[in-house]
Amino acid sequence: MPSRRDYDVPAAALAAAMGVLVILVSAPFTVQAYLEVTDTGKDFTVAWSQGKAMTKDAALTSTSAPVTAQVMLMDKLPAMAMLTLKGCNDSAGSGAATGQSAASITVKLTRTVAGKSTPIGNPATFTCANKPSALPMETMKAPDLGTVKGKDEADARAAVDAKTMAGMQDVTYTVEVSATRAASTVPSLPGVNAPTLSVSVELSATAWGFTATLPAEASK
Amino acid sequence: MSSIQRGFARLGFQKNIDRLLEEAHSKAGLAKTLAAKDLIVLGVAGIIGAGIFVLIGQGIAKAGVGVIPAFVVAAAICAVAGFAYAELAAAIPASGSAYAYIYTAMGELPGWMVAWALILEYAVGAIAVAIGWRNNLLALINQFKDSDPTTDLFSNPDKPWLYWFTHSPLESVTTASGTVLHGILNVPSILIVLFCTLLLIRGTKESAKFTFVLVIIKVAILILAIIGGFLAFNASNFSDPLPHYAKPDGSQYDATGFFGAVQAVFAAAAIMFFAYIGFDSVSTTAEETREPKKDLPRGILGSLAITTILYVLAAFALSSAAHWTTFVGDSVAATNARGEPFGYVFEQNGFLQFNGFGFGALLVRIGALIGTTSVLLVLILGGVRVFFNMSRDGLLPGWMSTVSSRGSPAKTTLLYGGFTMAFAGLLTLGAAVDLVNIGTLFAFFMVILAVWIFRVRRPDIERPFTMALWAIKGRDGRPLVPFLSILGMLGVVALVFSLDKFTLLASVTWAGLGLLVYAFYGVRNSKEAHHRHVAASEEEADPFTNGRPAGTTRDE
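These protein sequence lines are chains A and B, in that order.
Offset between the first sequence (1-based) and our numbering: plus 328.
Offset between the second sequence (1-based) and our numbering: plus 148.
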């Protein structure tokens, strides 16, 4: 009667031989196929969001001359340029006691591309006592690209850059703040100082940035 | 008999079914706590994951309205496998699923190879689902962040720790402002695997109760998603129902015309098939089932039927709510529609939108999170049961089949959970993720084949449930050409070839590794071989009896 060993030894040898053969034959092709898979690339999901805002302040302290501030976006996809009225103080605001008029403040936003300037919206004109609810602003849509193929994140990013290159610009946004004040209706009185004005406007501009990620791994 | 013949005979040693039945009733086994209802719940829990909320968009991009028959085609292939599982589960009521059935019907080496494939399926599946769970969680949390578009909560250079501790060291992202962030540890994935592992160590019944709650919630959310889709019903979406468009490389995709439509439906079915994977995990719990012969077929086929109805309704609702063109292309809108089809349709139609907040998308995300939690539970449970059964058969070390005082294989669960935690926390799967699918497809193929072979080899075994084979039978009534089995196997093969080349080749290499482990450990330690030699030495007979009851001969 054959012993267990008489069965196990040839069975183990057969299984081991088959295992070695299968690995020797398949492993090189597996590695090659893996390289092909990673070379062909996978679908990366592109998510657009606005990058960190670049800001500059324009501080106006008199009605004599306008002040400007500029923000430049170099080789970017502009997303938004907006103005924020950070402060507005006019000592002649009430006017009645001194007869001094409130300063009329004007804020303009312009975009300059390749030397050509274009005004954005209508200039906002207001007084410190009657601050505007909105200042001129520009918003631009993100590129309509949600999927790219890539071997890895860097490759996917390069693919996105290539597809959106046409929209990339060197843009300069300029805010100009100026003020005028109507002449006083009464002669200036001794001991009454000239009215003071302080207006601060922040210009911020953002560009579109993106992340390229592989979608969720689980198909279940 | 030459030594080579003895070697092949040894590789084909079948598990003695009488001993298997005896083991299933032995006191040392797992606690018998599960009824048919629990098994249906486990099946639905394993089947409905996050996939249905995503894959359906990809299916519509392939087949348009043809996604509806695609679900039926995928369900039909799964049903053949489901019937086969049900027949074998009822006839061979021991846990171990496909492994135990194929060991019994076809022999030790085929059984080992299926178990080896299932180990990869369950392990890769658990890691992938744990990582997917993290992605769903981050998407859910991101929906609550403030409306400032300049901040993405988990890729924010001002709070890099949020990225560090939610991503593995192999993951990195270049943020919108150009900063590169690298992950350190995927903590969310580790925590969810830890939670599932501890729940399973507490006992199968406890985890089944928890799973029941999850299933109710995710089915409710799926039904809500279906209702949302039907509310956006637009009959015009059924005009020009099949996709046809120019690809970026200049070639044409055309699903119109009979052959184009059939091809598109099968291409979509290959995608939709993976939304059904999981029903087979029910049969891994046979030993914990009170009446396995009745309850296992009910559990397998019941869960498959429930999910097929839900999936077909979901496909109908979504393809009637949005035209296929919505899902095609590389635009932001098309990508969103494919990535989150229900959420996208809800957003477009204002379903469950209040004050600009998308409650519809939120519900779908909660559904996906719950779906992945229950799938993770089922995957860890299934993987542990395969290890448990292989160990009990001597093919893996014995400590893996020890049972805790609560009736669960605590040590193996801890090992399996720890392995999953380590990999999910530190790695990504990349191209290896499709190995989940090849393991399942191999098991399906072998189970369908095993039914046929087992009918031929052991027609005497009591079968409380039998699948129709549509077979040409021999004079002795044994099936010679079972058309349904052959159709089912061809369907599985067609799906196998829809997978990429790397997945196919990597699974072959994995099989080679399995053969080596079997050769150097399994062969020597197999308890089946031991039992046969003991029985043979008592009767002074050859141990090569092909799994027939002790005392019978090969030619009986």
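A virtual CB, placed ideally from N, CA and C, is assigned to each residue, including glycine.
- Nearest to G555/B by C-alpha distance, out of Y564/B, F536/B, F302/B, A616/B, is F536/B.
- DSSP places I433/A inside the beta strand (DSSP E), whose first and last residues are 432-441.
- By the neighbour-count criterion, in which 16 or more other beta carbons inside 10 Å mark a residue as buried, K436/A falls on the buried side.
- Counting only Cβ-Cβ distances below 9 angstroms, S479/B has contacts in chain A at D472, L473, G474, T475, in chain order.
- For Q400/B, there is no enclosing alpha helix (DSSP H); the enclosing beta strand (DSSP E) covers residues 400-402.
- Residue burial is scored here from C-beta neighbours: G498/B has fewer than 16 other C-beta atoms within 10 angstroms and is therefore classed as exposed.
- Assignment of V551/B by DSSP, reduced to helix, strand and coil, places it in the coil class.
- Contacts with chain A (Cβ-Cβ distance below 8 angstroms) from the stretch 533-559 of chain B involve no residue at all.
- Against chain A, a Cβ distance below 8 angstroms from Y492/B picks out nothing, because the smallest value is about 11 angstroms.
- In the three-state reduction of the DSSP assignment, L413/A falls in the strand class, which pools E and B.
- Contact of Y666/B with chain A by beta-carbon distance below 7 angstroms involves A343.
- Taking 8 angstroms as the cut-off between beta carbons, the residues of the stretch 376-393 of chain A near chain B are W376, S377, Q378, G379, K380, A381, in sequence order.
- Approximately 7 angstroms separates the beta-carbon atoms of A238/B and P440/B; this is inside 8 angstroms, confirming the contact.
- In the DSSP annotation of this structure, the continuous segment of the beta strand (DSSP E) that includes F454/A starts and ends at 452-454.
- In the structure shown, N521/A adopts coil according to DSSP, grouped into three states.
- Cβ proximity to chain B below 9 angstroms picks out A470, P471 from the stretch 448-471 of chain A.
- DSSP places P440/B within a helical segment (H, G or I) once states are collapsed to three.
- CA-to-CA, the gap between R332/A and I528/B works out to about 35 angstroms.
- The three-state reading of DSSP puts D388/B in coil, since its state is none of H, G, I, E or B.
- Pairing L643/B with A591/B, the inter-Cα distance amounts to about 13 angstroms.
- Contacts with chain A at 8 angstroms (Cβ-Cβ) include L653/B.
- C-alpha of F156/B to C-alpha of P607/B: approximately 24 angstroms in a straight line.
- Around the C-beta of N585/B, 16 or more other C-beta atoms lie within 10 Å, and the residue is accordingly described as buried.
- The beta-carbon separation of Y335/A and A659/B, rounded to 23 angstroms, does not stay under the 8 angstroms limit for a contact.
- Cβ-Cβ separation between L525/A and A507/A: approximately 6 angstroms, consistent with a contact (criterion under 8 angstroms).
- Judged by their CB atoms, L524/B and V277/B are nearer to each other than the 8 angstroms cut-off.
- Here the stretch 398-418 of chain B makes no contact with the stretch 190-197 of chain B; the two share fewer than three CB pairs at distances below 8 angstroms.
- E687/B is not bridged by DSSP to any residue.
- For K444/A, the secondary structure class from DSSP, reduced to helix, strand or coil, is strand.
- In the three-state DSSP reduction, M637/B falls in the helix class (H, G or I).
- Contact between the stretch 352-363 of chain B and the stretch 371-385 of chain B is absent: fewer than 3 CB-CB pairs across the two stretches fall below 8 angstroms.
- Close to G495/A, with beta-carbon spacing below 9 angstroms, lies no residue of chain B; the smallest spacing is near 14 angstroms.
- DSSP, read as helix, strand or coil, puts L577/B in coil.
- Contact between A420/A and S528/A is ruled out by a C-beta separation of about 18 angstroms, above the 8 angstroms threshold.
- Between V221/B and the set R603/B, T456/B, G546/B, the nearest pair of CA atoms involves T456/B.
- In the three-state DSSP reduction, M261/B falls in the helix class (H, G or I).
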